[in-house]
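Quick notes on the structure that follows.
Number of protein chains: 2
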Amino acid sequence: MSSRRIAIVGTGLIGGGWVLHFLRLGWEVSAYDPADGAEARLRDMVARDWPLMQRLGLAEMANCDRLAIHASLEGALTGAEAVLECAPERLEVKQALFAEMDRIAPPETLLFSCSSSFTISEIRARTQNPERCLLGHPFNPPHILPLVEVAGGPRESEPVRRAMEFWEAADKVPVHLRKELPGHLVNRLTAALFREAVYLIAEDVADVEDIDKAIACGPGPRLALAGPFMNYHLGGGAGGIEHYLRHLGPSQVARWKSLGDPDLTDELATKIIEGVKRETAERSIADLAAERDGRLLRLLELVDPGSK
Amino acid sequence: MSSRRIAIVGTGLIGGGWVLHFLRLGWEVSAYDPADGAEARLRDMVARDWPLMQRLGLAEMANCDRLAIHASLEGALTGAEAVLECAPERLEVKQALFAEMDRIAPPETLLFSCSSSFTISEIRARTQNPERCLLGHPFNPPHILPLVEVAGGPRESEPVRRAMEFWEAADKVPVHLRKELPGHLVNRLTAALFREAVYLIAEDVADVEDIDKAIACGPGPRLALAGPFMNYHLGGGAGGIEHYLRHLGPSQVARWKSLGDPDLTDELATKIIEGVKRETAERSIADLAAERDGRLLRLLELVDPGSK
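Chains as they are written, first to last, in this note's numbering: chain A, 307 to 614; chain B, 307 to 614.
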């Protein structure tokens, strides 16, 4: 059993997921969240999702005793080898937290932000040791999906090298970004897909539920197994991506030119919201998310990249 | 056992997949492909992928005897309740085929084109009975993934109504499109994702293999379970898509504005091709596609929408 210790600052949807993940691994977890009722919500989330963690393996009931909830940031950071900041998405909150965490934590401690909205350069602007402050952005739910996006320095720099080792040791799949962009990497890809989906609604080509069904019955399962480049490699016939780009590249570019750039009006938003309401048929988000998480887990068990 | 009969015109990658699919269902399958060596390639494909069909259920060895390969288009169409055109993606070839099929087949026979590049309005331009000529576009591999895009008339028209019933009876998930657009529906969504992926390579944010890994370890598994709207519904916290669009809509629009529109130069294509080569590490497309198909099947077995 590991005696490693992680600090989680902010224990909402993402921070709570990280608490679950590191408890599963048997790490000591120090949590801090000053919000009213945060401790009760966190303990509820851990109790509710612990069976999922047990299905993922390693998780023993006694691991839950390794969660310590602290009343101060300083208390939570003591003895932690890394800190994951999962505070609300407000830049001034994150900047203030990083300034304080940077003051408290020994200089070798890695400080990660889970922010999806801001770049790490913005978030660490007020720190004394910006180079050990890095992006560590998961994809929700962080206790189930393997991806962590790492940004904030060159791949060969000491902090980034240690960050990549850290995430691998923490049973995650880190991907290093050489540049900072809004949405980092994967949220740009999903935003591109979403923009076109919204355009197809704006153009009245199909209904919300049809578009969702089409993705889940078509490209979705392939994207669970491989990314866009490998998909085009296997979709281009015997010549693979080389034949595809060299000979059919112009048809792809022509398709790009026809993609939409919708104006997200109130009326369009209403049309989408009503479509999702039809699709969910009164089922609660909690219920739908729990079902998704169970299926995700099963899916990841079965498409394990090492297996055939 | 069914005594229904389907005709498949063109038996390459897509047509061959359809042959497998309908043999699995126990239908009579009449195939026609004038290309040199087409019959041998089709028989190889059926033999190779039949074990996958057996895993999908229904497929009995005797079903393979229901495949009849014809030397003429007329022979293949005789007695078929529907025809699937899967010829090479050349408009003049498809237009000529549809004119001939329309002449041969009784007026109640549905004629589907599997074209990914052309709209059905273009393809049926030379027919006498255009309304029974419809798009029936699968997502590769058609014998494994459930989606079929149907276009070519209003949802309530007689041919479209019959087409939707046909595909449901054929164990597929048809989605009706109210308008014709380049790329139909899902290939527009995947093109949007691909464009941004290509942009991230152009900008040197990450490597080809990192982007592929990020999708498969992040949004991919979620897209196998649900489409973009449901994903944003479950990613928007307790308020779902309503809260997301009403309160965070502007941040999504800002992200859209930052998405790229790359120039697919020869140099950029080379960078992508070299990345895919590193990623595949000398493995053949046939080998990679066979592995993908086995995993897809397992994935679909496990995320069956009826299960929890």
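Ideal placement from N, C-alpha and C gives every residue a C-beta, glycine not left out.
Report task. State the beta-bridge partners of H443/B as determined by DSSP. Result -> On the second sequence, residue 443/B is found 137 positions in, with the first residue counted as 1. E455/B.
Query - Within 8 Å of chain B by C-beta, residues of the segment 555 to 576 of chain A in sequence order - result: G555, S557, Q558, V559, A560, R561, W562, S564, L565, D567, L570, A575
Query - Close Cβ partners of E502/A (< 8 Å) along its chain, the five nearest in sequence each way excluded - result: Counting from 1 along the first sequence, the entry for residue 502/A is found at position 196. Result list for E502/A: L565, G566, in chain order.
Query raised in the report: Under three-state DSSP, which class holds H553/B?
Result: Residue numbering aside, residue 553/B sits at position 247 when the second sequence is read from its first letter. Three-state result, H553/B: helix.
Query raised in the report: Are the CB atoms of S419/B and E391/B nearer to each other than 7 Å?
Result: Here residue 419/B is taken as the residue at index 113 of the second sequence, counted from 1. Here residue 391/B is taken as the residue at index 85 of the second sequence, counted from 1. Yes, Cβ-Cβ distance for S419/B and E391/B is below 7 Å.
Query raised in the report: In its own chain, which residues sit with a C-beta less than 7 Å from the C-beta of A344/B, not counting the 5 before and 5 after it?
Result: Translated into the one-based positions of the second sequence, residue 344/B becomes position 38. Result list for A344/B: T317, in chain order.
Report task. Could you name the residues of the same chain whose beta carbon sits closer than 6 Å to that of Y338/B, not counting the 5 residues immediately before and after it, in chain order? Result -> Here residue 338/B refers to the residue found at position 32 when the second sequence is read from its first residue. Here the set comprises V315, H376, L379, A382.
Query raised in the report: P534/A lies in the alpha helix (DSSP H); which residues open and close that run?
Result: Walking along the first sequence from the start, residue 534/A turns up at place 228. Its alpha helix (DSSP H) spans residues 534 to 541.
Report task. Given a cut-off of 7 Å, decide if R372/A and E334/A are closer than it, judged by their beta-carbon atoms. Result -> For this step, residue 334/A is matched to residue 28 along the first sequence. For this step, residue 372/A is matched to residue 66 along the first sequence. Result yes, Cβ atoms of E334/A and R372/A sit closer than 7 Å.
Report task. State yes or no: is the C-beta of A469/B within less than 7 Å of the C-beta of L416/B? Result -> For this step, residue 469/B is matched to residue 163 along the second sequence. For this step, residue 416/B is matched to residue 110 along the second sequence. Yes, Cβ-Cβ distance for A469/B and L416/B is below 7 Å.
Requested in this report: Measure from the C-beta of F472/B to each C-beta in chain C and report whether the shortest distance is under 7 Å.
Outcome: Note that chain C does not occur in the displayed structure, where the protein chains are A and B.
Query raised in the report: Should G458/A be flagged as near chain B, meaning a C-beta pair shorter than 7 Å?
Result: One-based indexing of the first sequence puts residue 458/A at position 152. Interface annotation, G458/A: not in contact with chain B, CB-CB separation never under 7 Å.
Query raised in the report: Should S421/A be labelled buried (16 or more other beta-carbon atoms within 10 Å of its own) or exposed?
Result: For the purposes of this step, residue 421/A is identified with residue 115 of the first sequence, where counting begins at 1. It counts as buried.
**Report entry** CB contact below 7 Å: E366/B versus chain A
**Finding:** Indexing the second sequence from 1 puts residue 366/B at position 60. Not one chain A Cβ lies under 7 Å of E366/B.
Report task. Could you tell me whether the Cβ atoms of I521/B and L529/A are closer together than 7 Å? Result -> As a position in the second sequence, residue 521/B is number 215, starting the count at 1. As a position in the first sequence, residue 529/A is number 223, starting the count at 1. Yes, the pair counts as a contact, with Cβ atoms nearer than the cut-off.
**Report entry** Within chain B, partners of V352/A - CB distance below 7 Å
**Finding:** Here the question's residue 352/A lines up with position 46 in the first sequence. Here the premise fails: no neighbours, minimum Cβ distance about 18 Å.
Query - CA-to-CA distance, P488/A to V313/A, given in whole angstroms - result: As a position in the first sequence, residue 313/A is number 7, starting the count at 1. As a position in the first sequence, residue 488/A is number 182, starting the count at 1. Checking the sequence shown, residue 313/A turns out to be Ala, not Val. Each residue's alpha carbon lies about 26 Å from the other.
Query raised in the report: Distance, Cα to Cα, G321/A vs P394/A?
Result: Taking the first sequence and counting its residues from 1, the one referred to as residue 321/A is at position 15. Taking the first sequence and counting its residues from 1, the one referred to as residue 394/A is at position 88. Each residue's Cα considered, the two are about 10 Å apart.
Query - Which residues DSSP lists as bridging E391/A, in chain order - result: Within the first sequence, numbered from 1, the residue matching residue 391/A stands at position 85. In the DSSP output, where bridge partners are listed per residue, E391/A has V315/A, S419/A.
Query raised in the report: Is the distance from the Cβ of T433/A to the Cβ of A402/A below 7 Å?
Result: By 1-based counting over the first sequence, the position of residue 433/A is 127. By 1-based counting over the first sequence, the position of residue 402/A is 96. No, these two residues do not count as a Cβ contact at 7 Å.
Query raised in the report: For the 8 Å Cβ check, are there 3 or more pairs between the segment 590 to 598 of chain A and the segment 537 to 557 of chain B?
Result: yes
Report task. With a floor of 4 residues, list each alpha helix (DSSP H) that falls wholly inside the segment 561 to 614 of chain A, ordered by position along the chain. Result -> 572 to 586, 591 to 608
Requested in this report: Please confirm if C370/B has its CB atom under 7 Å from at least one CB of chain A.
Outcome: As a first step, residue 370/B is located in the second sequence; it is residue number 64 there, counting from the start. Closer than 7 Å: no.
Query - P447/B and W324/B closer than 7 Å at C-beta - result: By 1-based counting over the second sequence, the position of residue 447/B is 141. By 1-based counting over the second sequence, the position of residue 324/B is 18. Going by C-beta atoms, P447/B is not nearer than 7 Å to W324/B.
Requested in this report: Classify E341/A as buried or exposed, calling it buried when 16 or more other Cβ atoms lie within 10 Å of its own Cβ.
Outcome: Taking the first residue of the first sequence as 1, we reach residue 341/A at position 35. Correcting the residue type first, residue 341/A is Ala in the shown sequence and not Glu. By the 10 Å Cβ count, A341/A comes out exposed.
Query raised in the report: Whose C-alpha, out of E585/B, G459/B, G442/B, is nearest the C-alpha of W473/B?
Result: Counting from 1 along the second sequence, the entry for residue 473/B is found at position 167. Closest option to W473/B, Cα to Cα, is G442/B.
Query raised in the report: Less than 6 Å between the CB of R347/A and some heavy atom of the ligand NAP, yes or no?
Result: Of ligands this structure carries none, so the ligand NAP is not represented either.
Query raised in the report: Which residues of chain B have a Cβ atom closer than 9 Å to the Cβ of L331/A, listed in chain order?
Result: On the first sequence, position 25 is the one that residue 331/A refers to. Against chain B, a Cβ distance below 9 Å from L331/A picks out nothing, because the smallest value is about 17 Å.
Query raised in the report: Does the beta-carbon distance from E437/A to G459/A come in below 7 Å?
Result: Position 131 of the first sequence, counted from the first residue, corresponds to residue 437/A. Position 153 of the first sequence, counted from the first residue, corresponds to residue 459/A. Taking the C-beta atoms as reference points, G459/A is found nearer than 7 Å to E437/A.
Requested in this report: Determine the chain A residues that contact R484/B at a beta-carbon separation under 8 Å, and present them in chain order.
Outcome: In the second sequence, counting from the first residue as 1, residue 484/B sits at position 178. Those within 8 Å of R484/B in chain A are D510, V511, A512.
Report task. Return helix, strand or coil for G524/A, following the three-state DSSP convention. Result -> In the first sequence, the residue the question calls residue 524/A occupies position 218. Reduced to three states, the DSSP call for G524/A is coil.
Query raised in the report: Mind listing which residues of the segment 415 to 435 of chain A have their C-beta closer than 9 Å to chain B's C-betas, in chain order?
Result: S423
Query - Cβ-Cβ distance between D510/A and R461/B below 7 Å - result: Numbered from its first residue, the first sequence carries residue 510/A at position 204. Numbered from its first residue, the second sequence carries residue 461/B at position 155. Their beta carbons are not under 7 Å apart, which means D510/A does not touch R461/B by this criterion.
Report task. Inspect the beta-carbon positions of H490/A and E455/A and report whether they are closer than 7 Å. Result -> One-based indexing of the first sequence puts residue 490/A at position 184. One-based indexing of the first sequence puts residue 455/A at position 149. Going by C-beta atoms, H490/A is nearer than 7 Å to E455/A.
**Report entry** Identity of the residues DSSP links to I375/B by a beta bridge
**Finding:** Taking the first residue of the second sequence as 1, we reach residue 375/B at position 69. Answer is A337/B, bridged to I375/B.
Report task. Please list the partners that Y538/A has in chain B, where partner means a Cβ-to-Cβ separation under 8 Å. Result -> In the first sequence, the residue the question calls residue 538/A occupies position 232. Residues of chain B passing the Cβ test: F500.
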